[in-house]
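Residues 5 to 451 (the working numbering) are what the sequence shown spells out, left to right.
The structure appears below as structure tokens.
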Amino acid sequence: MSVKINNKFLDGFVNEADVASMTKRAYSAQELLKSKKGPGNDYIGWVELPENYDKDEFARIKIAAEKIKKSCDILVVIGIGGSYLGARAAIEFVKSPLYNNLKKDTPDIYFAGNTISTTALTELLSICEGKDICLNVISKSGTTTEPAIAFRVFKALLNEKYGEQGARERIFVTTDKERGTLKQFSDEAGYETFVVPDDVGGRYSVLTAVGLLPIACAGIDIEAMMKGAYDSMKACELSDSEKNPALSYAIYRNVLLEAGKSTEILVGYEPYLLMLNEWWKQLYGESEGKEHKGIFPASVIFSTDLHSLGQYIQDGKRNLFETVIDVKKSCEDFIIPNDPRNVDGLNFISGEALSHVNSTAMLATLIAHNDGGVPNIVVEVKDKSAYTFGYLVYFFEYACAISGYILGVNPFDQPGVEAYKKNMFALLGKPGYEGMRAELEKRALNK
Ligand code: PA5
Numbered sequence: 005m006s007v008k009i010n011n012k013f014l015d016g017f018v019n020e021a022d023v024a025s026m027t028k029r030a031y032s033a034q035e036l037l038k039s040k041k042g043p044g045n046d047y048i049g050w051v052e053l054p055e056n057y058d059k060d061e062f063a064r065i066k067i068a069a070e071k072i073k074k075s076c077d078i079l080v081v082i083g084i085g086g087s088y089l090g091a092r093a094a095i096e097f098v099k100s101p102l103y104n105n106l107k108k109d110t111p112d113i114y115f116a117g118n119t120i121s122t123t124a125l126t127e128l129l130s131i132c133e134g135k136d137i138c139l140n141v142i143s144k145s146g147t148t149t150e151p152a153i154a155f156r157v158f159k160a161l162l163n164e165k166y167g168e169q170g171a172r173e174r175i176f177v178t179t180d181k182e183r184g185t186l187k188q189f190s191d192e193a194g195y196e197t198f199v200v201p202d203d204v205g206g207r208y209s210v211l212t213a214v215g216l217l218p219i220a221c222a223g224i225d226i227e228a229m230m231k232g233a234y235d236s237m238k239a240c241e242l243s244d245s246e247k248n249p250a251l252s253y254a255i256y257r258n259v260l261l262e263a264g265k266s267t268e269i270l271v272g273y274e275p276y277l278l279m280l281n282e283w284w285k286q287l288y289g290e291s292e293g294k295e296h297k298g299i300f301p302a303s304v305i306f307s308t309d310l311h312s313l314g315q316y317i318q319d320g321k322r323n324l325f326e327t328v329i330d331v332k333k334s335c336e337d338f339i340i341p342n343d344p345r346n347v348d349g350l351n352f353i354s355g356e357a358l359s360h361v362n363s364t365a366m367l368a369t370l371i372a373h374n375d376g377g378v379p380n381i382v383v384e385v386k387d388k389s390a391y392t393f394g395y396l397v398y399f400f401e402y403a404c405a406i407s408g409y410i411l412g413v414n415p416f417d418q419p420g421v422e423a424y425k426k427n428m429f430a431l432l433g434k435p436g437y438e439g440m441r442a443e444l445e446k447r448a449l450n451k
């Protein structure tokens with residue numbers, strides 16, 4: 005198995021009776037998911053996706069990726085939330101957070117439309133000057149403000165640079181099959197389109213064209229990724245928490261929640277896990293945080309953050325637990341050099357592998373945080389391959405769905421995301437929001 009749960013650092017924090025009773029609830033949640041009768045059951049297409057994905061489209065994705073790789077220096081990927089985080093997490097996990105700076109025969113990849121920052125947009129436009137560009141616009145709805153603004157800007161840039169015919173060869177759109185305006189517009193403009201399946205929500209969509217096209221453009225083996233997801237799916241189908249790491253993870257985190265641990269910190273000891281953390285936060289935050297329920301998902305990268313948030317985790321409010329991603333094999337090792345003058349007093353580790361120091365830091369921290377009253381779930385991950393990324397993604401998705409059903413919420417909707425959007429549209433003067441605008445402006449004046 006590419007993913008295993010180690011529960012040794014939960015000793016003294018969870019008891020057998022609580023785990024046994026939560027295990028029964030997890031089995032019921034699993035039955036509900038399998039029955040396809042649970043809340044949000046029109047958004048569970050992701051469950052069978054590693055087996056039932058559209059093979060013709062998959063072949064088209066690979067062809068498009070080859071075309072993109074040959075025709076540009078920079079691929080700009082436009083999308084936000086579930087239409088952005090998974091692809092970036094995969095590229096950083098499998099390749100590197102410094103992917104754009106590596107020697108490679110694949111294009112640089114920049115992400116746009118995930119913010120409304122003027123600075124971010126103008127900087128990217130300046131980076132694109134004099135370069136050949138392709139675009140992958142990703143939006144299930146096709147109307148999300150942030151990516152829509154970025155698309156306007158980059159579409160105009162490509163039309164100006166290459167003419168409409170040339171731009172058509174360089175713009176690839178991933179969107180809803182039929183309903184959205186983006187699909188209609190793309191068909192009229194002649195852009196190649198890929199599908200976000202109707203029954204797969206944004207944050208569960210990394211194994212669709214949403215993630216697969218940009219990931220393939222980075223030179224990552226998407227066949228291996230889907231195989232990893234498939235093997236993970238098979239493990240997740242098992243109704244035995246000893247053999248099914250997703251059930252085991254869901255059980256422990258819910259036992260901890262019921263013991264008052266309402267914040268979960270996802271911990272990585274490698275910078276290449278940073279965007280996986282971000283993807284995970286969206287998955288769990290949007291899936292569980294509703295009806296005033298849920299575990300608040302936070303994240304850190306150690307040992308970096310041991311020098312910032314480490315103090316709080318060790319000694320602050322005791323409503324926390326950690327889930328540590330322990331990647332067993334990253335890359336060739338690096339040996340710590342000797343310093344004849346031993347200025348820093350570290351010669352006792354000269355000749356040691358750096359990975360040994362990192363894993364020792366992890367062990368030391370696990371024990372220290374346990375001593376400080378913080379339970380730790382350890383998720384052991386085999387390596388940083390494409391296969392393992394697919395395995396890990398499916399593992400987290402499945403555990404999230406089970407957790408949501410244990411909590412008694414619909415893990416596949418996100419009604420709360422609309423609140424800020426409505427206010428923003430009203431304040432920006434969108435037709436139809438006039439009454440709301442007056443009310444909001446009055447409230448803003450009183451602040
Ligand atoms: O998980 C979700 O559904 C959201 O995060 C969406 O992915 C995000 O809001 C972007 O939506 P869209 O793809 O419609 O532009």
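We put the CB at the ideal spot given by N, CA and C, even for glycine.
Since this is a predicted model, take the numbers as computed values, not measurements.
Comparing alpha-carbon positions, which option in the options lies nearest residue i?
i	options	result
residue 356	370, 344, 368, 337	337
residue 11	309, 259, 333	259
residue 417	57, 143, 44	44
residue 379	6, 17, 180	17
residue 223	300, 423, 72, 280	72
residue 387	435, 296, 229	229
residue 97	404, 412, 447, 394	394
residue 213	344, 147, 88	88
residue 292	419, 361, 127	419
residue 236	174, 138, 401, 100	401
residue 4	373, 255, 217, 137	This structure cannot settle anything about residue 4, because the visible part of the chain is limited to 5 through 451.
residue 340	329, 436, 362, 370	362
residue 30	421, 443, 278, 407	407
residue 4	276, 383, 67	Look at the range of the chain in this structure, 5 to 451, and you will see that residue 4 is not part of it.
residue 248	103, 383, 391	383
Which residues bound the alpha helix (DSSP H) around residue i?
i	result
residue 10	No alpha helix (DSSP H) contains residue 10, which is instead part of the beta strand (DSSP E) from 7-10.
residue 162	149-172
residue 60	59-75
residue 56	53-56
residue 185	185-193
residue 312	Element bounds for residue 312: n/a, residue is neither H nor E.
residue 289	278-292
residue 31	20-39
Alpha carbon to alpha carbon, how far is residue i from residue j?
i	j	result
residue 309	residue 351	25 Å
residue 239	residue 48	17 Å
residue 161	residue 171	9 Å
residue 125	residue 116	7 Å
residue 24	residue 52	28 Å
residue 346	residue 353	11 Å
residue 42	residue 398	19 Å
residue 129	residue 320	43 Å
residue 2	residue 159	Given a span of 5 to 451 for the chain in the structure shown, any question on residue 2 remains unanswerable.
residue 54	residue 297	30 Å
residue 342	residue 348	11 Å
residue 263	residue 220	43 Å
residue 246	residue 60	37 Å
residue 95	residue 113	9 Å
residue 253	residue 327	9 Å
residue 196	residue 188	12 Å
residue 83	residue 322	37 Å
residue 119	residue 210	20 Å
residue 424	residue 431	10 Å
residue 40	residue 411	17 Å
residue 360	residue 331	12 Å
residue 257	residue 266	9 Å
residue 107	residue 367	34 Å
residue 6	residue 207	22 Å
residue 302	residue 438	37 Å
residue 190	residue 365	51 Å
residue 109	residue 176	20 Å
residue 141	residue 184	13 Å
residue 152	residue 121	14 Å
residue 281	residue 433	36 Å
Could you please give the first and the last residue of the uninterrupted beta strand (DSSP E) stretch that includes residue i?
i	result
residue 81	78-82
residue 301	300-305
residue 272	267-272
residue 329	324-333
residue 196	196-200
residue 175	175-180
Kindly provide the ranges of any beta strand (DSSP E) runs that are 3 or more residues long and lie completely inside the segment 367-443, ordered along the chain.
380-387
Taking the runs of the alpha helix (DSSP H) that are 4 residues or longer, which of them lie wholly in the segment 83-146?
89-94, 122-132
For a minimum of 4 consecutive residues, which ranges assigned as the alpha helix (DSSP H) are wholly contained in the segment 218-253?
226-241
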